[in-house]
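Take a look at the structure set out below.
Protein chains: 2
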Amino acid sequence: MPHISHKGLELPQSAIRKLVPFADATKAHGIHVYHLNIGQPDIETPKGALEALANTKINVLEYSPSAGIQSYREKLCQYYKQHGIDITPERILVTTGGSEALQMAFTCCLNPGDEIIIPEPYYTNYNTFAKLCDAKIVTVPSDIKTGFALPLVDDFEKYITPYTRAIMICNPNNPTGYLYSEKDLYAVGALCKKYDLYLFADEVYREFCYDGEEHFSVLNLPGCENNVVLFDSVSKRYSACGARVGCVITRNSELFSAMMRLAQARLSPPSFGQIFAEAAIDTPQEYFDAVMKEYVARRNVIVEGINRIPGCFCPTPKGAFYTVCELPIADSDHFCQWLLTDFEYNGATVMLAPATGFYSDPEKGRHQVRITYCLCIDDLKAAMKCLEEALKVYPGRTDIKKAPAKKADATKKPAARKSAAKK
Amino acid sequence: MPHISHKGLELPQSAIRKLVPFADATKAHGIHVYHLNIGQPDIETPKGALEALANTKINVLEYSPSAGIQSYREKLCQYYKQHGIDITPERILVTTGGSEALQMAFTCCLNPGDEIIIPEPYYTNYNTFAKLCDAKIVTVPSDIKTGFALPLVDDFEKYITPYTRAIMICNPNNPTGYLYSEKDLYAVGALCKKYDLYLFADEVYREFCYDGEEHFSVLNLPGCENNVVLFDSVSKRYSACGARVGCVITRNSELFSAMMRLAQARLSPPSFGQIFAEAAIDTPQEYFDAVMKEYVARRNVIVEGINRIPGCFCPTPKGAFYTVCELPIADSDHFCQWLLTDFEYNGATVMLAPATGFYSDPEKGRHQVRITYCLCIDDLKAAMKCLEEALKVYPGRTDIKKAPAKKADATKKPAARKSAAKK
Numbered sequence: 001m002p003h004i005s006h007k008g009l010e011l012p013q014s015a016i017r018k019l020v021p022f023a024d025a026t027k028a029h030g031i032h033v034y035h036l037n038i039g040q041p042d043i044e045t046p047k048g049a050l051e052a053l054a055n056t057k058i059n060v061l062e063y064s065p066s067a068g069i070q071s072y073r074e075k076l077c078q079y080y081k082q083h084g085i086d087i088t089p090e091r092i093l094v095t096t097g098g099s100e101a102l103q104m105a106f107t108c109c110l111n112p113g114d115e116i117i118i119p120e121p122y123y124t125n126y127n128t129f130a131k132l133c134d135a136k137i138v139t140v141p142s143d144i145k146t147g148f149a150l151p152l153v154d155d156f157e158k159y160i161t162p163y164t165r166a167i168m169i170c171n172p173n174n175p176t177g178y179l180y181s182e183k184d185l186y187a188v189g190a191l192c193k194k195y196d197l198y199l200f201a202d203e204v205y206r207e208f209c210y211d212g213e214e215h216f217s218v219l220n221l222p223g224c225e226n227n228v229v230l231f232d233s234v235s236k237r238y239s240a241c242g243a244r245v246g247c248v249i250t251r252n253s254e255l256f257s258a259m260m261r262l263a264q265a266r267l268s269p270p271s272f273g274q275i276f277a278e279a280a281i282d283t284p285q286e287y288f289d290a291v292m293k294e295y296v297a298r299r300n301v302i303v304e305g306i307n308r309i310p311g312c313f314c315p316t317p318k319g320a321f322y323t324v325c326e327l328p329i330a331d332s333d334h335f336c337q338w339l340l341t342d343f344e345y346n347g348a349t350v351m352l353a354p355a356t357g358f359y360s361d362p363e364k365g366r367h368q369v370r371i372t373y374c375l376c377i378d379d380l381k382a383a384m385k386c387l388e389e390a391l392k393v394y395p396g397r398t399d400i401k402k403a404p405a406k407k408a409d410a411t412k413k414p415a416a417r418k419s420a421a422k423k
Numbered sequence: 001m002p003h004i005s006h007k008g009l010e011l012p013q014s015a016i017r018k019l020v021p022f023a024d025a026t027k028a029h030g031i032h033v034y035h036l037n038i039g040q041p042d043i044e045t046p047k048g049a050l051e052a053l054a055n056t057k058i059n060v061l062e063y064s065p066s067a068g069i070q071s072y073r074e075k076l077c078q079y080y081k082q083h084g085i086d087i088t089p090e091r092i093l094v095t096t097g098g099s100e101a102l103q104m105a106f107t108c109c110l111n112p113g114d115e116i117i118i119p120e121p122y123y124t125n126y127n128t129f130a131k132l133c134d135a136k137i138v139t140v141p142s143d144i145k146t147g148f149a150l151p152l153v154d155d156f157e158k159y160i161t162p163y164t165r166a167i168m169i170c171n172p173n174n175p176t177g178y179l180y181s182e183k184d185l186y187a188v189g190a191l192c193k194k195y196d197l198y199l200f201a202d203e204v205y206r207e208f209c210y211d212g213e214e215h216f217s218v219l220n221l222p223g224c225e226n227n228v229v230l231f232d233s234v235s236k237r238y239s240a241c242g243a244r245v246g247c248v249i250t251r252n253s254e255l256f257s258a259m260m261r262l263a264q265a266r267l268s269p270p271s272f273g274q275i276f277a278e279a280a281i282d283t284p285q286e287y288f289d290a291v292m293k294e295y296v297a298r299r300n301v302i303v304e305g306i307n308r309i310p311g312c313f314c315p316t317p318k319g320a321f322y323t324v325c326e327l328p329i330a331d332s333d334h335f336c337q338w339l340l341t342d343f344e345y346n347g348a349t350v351m352l353a354p355a356t357g358f359y360s361d362p363e364k365g366r367h368q369v370r371i372t373y374c375l376c377i378d379d380l381k382a383a384m385k386c387l388e389e390a391l392k393v394y395p396g397r398t399d400i401k402k403a404p405a406k407k408a409d410a411t412k413k414p415a416a417r418k419s420a421a422k423k
């Protein structure tokens, strides 16, 4: 049998999706699973944009240009203008989701052995894209006590080596929900200029800023034109994860040309998704106002819900729809799996993402989980109740004296669920 | 300014798209360009499938599962069954076009320095996907005199080294149109088993077989279950290149798992395209019958058209919608560019793909061009007339004595077209 490549063998399992077989087995037993593990919003996709696609007369579903449909790229400039960003179509390369944008930029910017500095915890899939070009992720710790604020520039600077090629930020942040300030970003931009580094910025949650906070884009950092590479996507903005339409933007023409050669080899991004996304730019402001209001309410349910449980701590995220919180557990991987295999409360359980996958060293995430608040308020409340009950009976608690290990009805061990999941 | 990566610098330009700026400049001068350079069919996309997508009620456009929508994967098995191929959904990984299928398999199968043996001329974009994993394409010559028949197994065998990891075929072939026989494929399969190699097969033109010939899929090679990796796509089958839906199929479970980890990192293939593709499987046979009839007629126009021109030779392809033909020219790159910058006939010119980009050594393609027959018969006839007139006046002819260089009206040099293209 021919061998798998080294990369094929070393590609990490998705930290977010690795527990899916356990969830499936649990569901097969009629137990409801509240999905707080994945950033799949339940918000309705704008009807207008879906209708626009349905009403588009297509005779031949052609390849689009490799850089994307021209009218869409032009309309995207309008969208960015509305967000205070001045950009022209020839700087925008439309991609298959934000994922392809990351892949293209990493490929064209990073040599084997190059280092990308990222504040941690960080979006777990960056690992795979770095691995694909044999680049190394170097992390700067951010602290749950400060709500995972951006580390000070001095902290970044001490991680810079001759191999450092980029600093990467995600703003607002997945998984922490932290929103970086203009001042933060000027400091990072100055550092990138000083050391001639790329500034990779994932801004796919741009719209999701709460409590009156405003988003500042790295595209507005003066003097950083050749450093900044922006990753964007329509997935979260329009609750349209399945469209698979994103883009990569840079004013660095040499980099743009290299990415275009890669774009041409893969031919084109999806046409249906681009037609949808072009129409979605006309989505009325009321849609977003309602969505933001909903997310703030959901966030509050989660933050209050977690902080009410003895031994738990959840900072208040200012953006996106994630939070990383601390639980009184010895091992988040074990806990998240146990929730699916050994626990139920009122016929339901909760699926969380162990934070171990969001750190360079899994140990740093042993007592933390990432929670997404993409479900409706009633479901989130029920999920919080579930979590509270689970922590009362979980055998792996670290503060066991504080919470007496009362055996609840919920603890019966459904052995069949376990074995099903192991198949 | 930060540096571009070595890969970014070395990524080859698309052999098919590199002349696009010249074509654009020509069009800007009001000259019609017959596109015989690109495999973009003008055939109508099946209306039923487009309507099925338009009528699908979508509330939330969710991520699909990373391996593709389950009902689509099941329906794909039906499609393969109709083509005499027995496969189960868990062997099928749905991808963003055939391009992503190639990229995933190459990444998970090939180590840096590994070699893939490919009969040449071959589809130019394989170069980029090989480059991305630092693999090397090693070519076995096939000959225009035999219609680019698959080289003998002995020929393949002499190129096998300790670094050989795969043999790759495209059947029916892009760019030659050659259709490999069952006997050919048994021989290649045996070789792959003997040397423990992957057998990569690009079968995206499966439906396009002419003159009563039948397609034989590598998935039906007994004993090659762990070797065979199939690339497929709906782009050509349903004239739906913009859907960006393909798949990679293998019965090698270890390889499948590795590709799944990569698939999870990029989240999911496009949902709209999958909904369309699932419905497209119900396209009635009459659609395909009409399409095949049309392509045979087009092929005949091209083959007869080329062979009628003094000094030209075109074999008769048995599949796909490409042919590589020999012209009496010294340099196909120069000729194809000259057609766009210096020539017109009745207000039109022809765009061809120089065959130089389809060979490992461009010299082998200096007298050849790839022609696609994706345009309607009238356009193809007009394009053939154009080509005939162009060859009468082209200054770079190699058999200039045979064809007297009569200065035709068509030869006036539009200098402005040239300069526009150089911008």
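Line order of the protein sequences matches chains A and B. Heads up: the first sequence at position 293 corresponds to 293 in my numbering, and the numbers run straight through without jumps. Heads up: the second sequence at position 250 corresponds to 250 in my numbering, and the numbers run straight through without jumps. Even for Gly, the Cβ is constructed at its ideal location relative to N, Cα and C. Computed from a predicted model, the values in this text were never measured in an experiment.
One alpha carbon belongs to residue 90/A, the other to residue 234/B, and they sit about 29 Å apart. By the neighbour-count criterion, in which a residue is buried when 16 or more other Cβ atoms sit within 10 angstroms of its Cβ, residue 237/B is buried. Around the CB of residue 71/A, fewer than 16 other CB atoms lie within 10 Å, so the residue is classed as exposed.
Proximity of residue 376/B to chain A, defined by a Cβ-Cβ separation below 8 Å, is not satisfied. In the DSSP annotation of this structure, the continuous segment of the alpha helix (DSSP H) that includes residue 100/B starts and ends at 97-109. Within the stretch 251-278 of chain A, 252, 254, 255, 258, 259, 261, 262, 264, 265, 266, 267, 268, 269, 270, 271, 272, 273, 276 place their CB atoms closer than 8 Å to a CB of chain B, listed in sequence order.
Annotation: the continuous beta strand (DSSP E) that includes residue 351/B extends over 348-351.
Residue-level contact by beta carbon fails for residue 392/B and chain A, as no gap is shorter than 8 Å. CA-to-CA, the gap between residue 307/A and residue 388/A works out to about 10 Å. Contacts with chain A (Cβ-Cβ distance below 8 Å) from the stretch 54-74 of chain B involve 54, 55, 58, 59, 60, 61, 62, 63, 64, 66, listed in chain order. With respect to the 8 Å criterion, residue 239/A and residue 108/B are not classified as neighbours on the basis of their beta carbons. Residue 266/A and residue 30/B have their C-alpha atoms some 30 Å from each other. Nearest C-alpha to residue 250/A among 270/A, 218/A, 171/A: 218/A. If you draw a straight line from the Cα of residue 264/A to the Cα of residue 20/B, it comes to about 12 Å.
Below 8 Å, too few C-beta pairs join the stretch 340-348 of chain B and the stretch 186-204 of chain B to call them touching: fewer than three. Residue 168/A carries a strand assignment under DSSP once its states are collapsed to helix, strand and coil. The C-beta separation of residue 177/B from residue 295/B comes to about 10 Å, leaving the pair out of contact by the 8 Å criterion.
Judged by DSSP secondary structure, residue 272/A falls outside any beta strand (DSSP E) and instead within the alpha helix (DSSP H) spanning 271-280.
The stretch 310-326 of chain A makes contact with the stretch 207-215 of chain A; the number of CB pairs closer than 8 Å reaches 3 or more. Under the 8 Å criterion on CB atoms, residue 175/A is classed as non-interfacial with respect to chain B. Two segments are said to touch when three or more pairs of C-beta atoms, one from each, lie closer than 8 Å; by this definition the stretch 69-88 of chain A does not touch the stretch 50-58 of chain A.
The contact set of residue 311/B on chain A, defined by CB atoms closer than 9 Å, is empty, because the minimum CB distance reaches about 32 Å. In the DSSP assignment, residue 136/A falls within the beta strand (DSSP E) that extends over 136-141. Among the residues of chain A, those whose CB is under 9 Å from the CB of residue 109/B are 2, 3, 4, 5, 8, following chain order.
Counting only the Cα atoms, residue 131/B lies some 27 Å from residue 271/A. Think of a sphere of 9 Å around the beta carbon of residue 154/A: no beta carbon from chain B falls inside it, the nearest being about 22 Å out.
The residues 116, 197, 198, 200, in chain order, have a CB closer than 6 Å to that of residue 166/A in the same chain once the five nearest residues on each side in sequence are set aside. Rounded to the nearest whole angstrom, the CA to CA distance from residue 222/A to residue 377/A is 41 Å. Looking at 280/A, 228/A, 125/A, 171/A, the one whose alpha-carbon comes closest to that of residue 193/A is 228/A.
Look at the stretch 322-354 of chain B: it has no residue with a C-beta under 8 Å from a C-beta of chain A. Under the 8 Å criterion on CB atoms, residue 294/B is classed as non-interfacial with respect to chain A.
Put simply, the CB of residue 44/A is near chain B, with a gap under 8 Å to one of its CB atoms. Fully contained in the stretch 145-196 of chain B are the following alpha helix (DSSP H) runs of length 4 or more, in chain order: 153-157, 182-195. Between the alpha carbons of residue 99/A and residue 60/A lies a gap of roughly 27 Å. By the CB criterion at 8 Å, residue 244/B and residue 269/A fall inside the cutoff. Among the CB atoms of chain B, one or more fall inside 8 Å of the CB of residue 12/A.
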